[in-house]
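Numbering (numbering that gives the first Met the number 0), first residue to last: 0 to 161.
Glycine included, C-beta positions come from ideal geometry on N, C-alpha and C.
What follows is a short report on a single structure.
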Amino acid sequence: MDALNHNPNIEFAEPDTLFPPATVPNDTYYSLEWHLPKIGAPSAWNTTVGGNNIIIAILDSGVDSTHPDLSSQLVPGWNFIDNNSDASDVDGHGTAVAGTAAAASNDGLGVAAPAWTCKIMPIRISDTNGNGILSAIANGLMYAADHGARIANLSFGASTSL
């Protein structure tokens, strides 16, 4: 090392190190998930796959609580459209977003997700036409924070400033 560090043609040298192979989940559709390698997920999974003490609030159209890749990931949420605890998905978008963030992974079925051991808190903030309601969004964010969510995902656009 000393000789390498003093060689003017070498800017930096470090000891030889063994690098483990990247984690590759065994989920059915992982090979189709082009986005995961693009964001460096396989390398990140060698460090962490999340943690079941981390809650991700998904503020969207709700989440399908019977989805096989999501049912084990869910914590109680809220429906700010109907003002009740039924945060079931009304159009599929929220379920897709939840799966993209934290689907159960490396379980031999469905898809893989970056944070596969994190929990999902479904918060419904859109009506059956897909329209988000500003007051529902604000109330949903407060609910998420008050109920332990450390991350909030809002996958929608708006023409008004929020």
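Comparing alpha-carbon positions, which option in the options lies nearest residue i?
| i | options | result |
| --- | --- | --- |
| A111 | E10, I57, K118 and N25 | N25 |
| N51 | A114, G76 and M141 | A114 |
| G129 | L140, G61, T116 and W77 | G61 |
State the DSSP-derived secondary structure class of residue i, mapped to helix, strand or coil.
| i | result |
| --- | --- |
| N82 | coil |
| A21 | coil |
| V153 | The residue asked about is misnamed: residue 153 is Leu in this sequence, not Val. L153 falls in the coil class under three-state DSSP. |
| S70 | helix |
| W77 | strand |
| P113 | coil |
| I202 | Given a span of 0 to 161 for the chain in the structure shown, any question on residue 202 remains unanswerable. |
| M141 | helix |
| P7 | coil |
| A102 | coil |
Might you give, ordered along the chain, the residues of its own chain that have their beta carbon closer than 6 Å to the beta carbon of residue i, omitting 5 neighbours on each side?
| i | result |
| --- | --- |
| T127 | V89 |
| G107 | N25 |
| Y29 | A111 |
Hey, residue i and residue j are a contact pair by Cβ (cut 8 Å); roughly how many whole angstroms apart?
| i | j | result |
| --- | --- | --- |
| A56 | M0 | With 8 Å as the limit, A56 and M0 do not qualify as a contact, their Cβ atoms being about 48 Å apart. |
| L153 | I136 | 7 Å |
| A102 | L69 | 6 Å |
| N78 | R149 | Not really, about 21 Å apart at Cβ, beyond 8 Å. |
Using a Cβ-Cβ cut-off of 8 Å (strictly less than) and excluding sequence neighbours within five positions of residue i, which residues of its own chain qualify?
| i | result |
| --- | --- |
| V96 | I57, D59, N152 and S154 |
Under the DSSP definition of a beta bridge, which residues are partnered with residue i?
| i | result |
| --- | --- |
| L15 | Correcting the residue type first, residue 15 is Asp in the shown sequence and not Leu. DSSP, once it has assigned bridges, lists no residue as partnering D15. |
| S125 | G131 |
| M120 | A56 |
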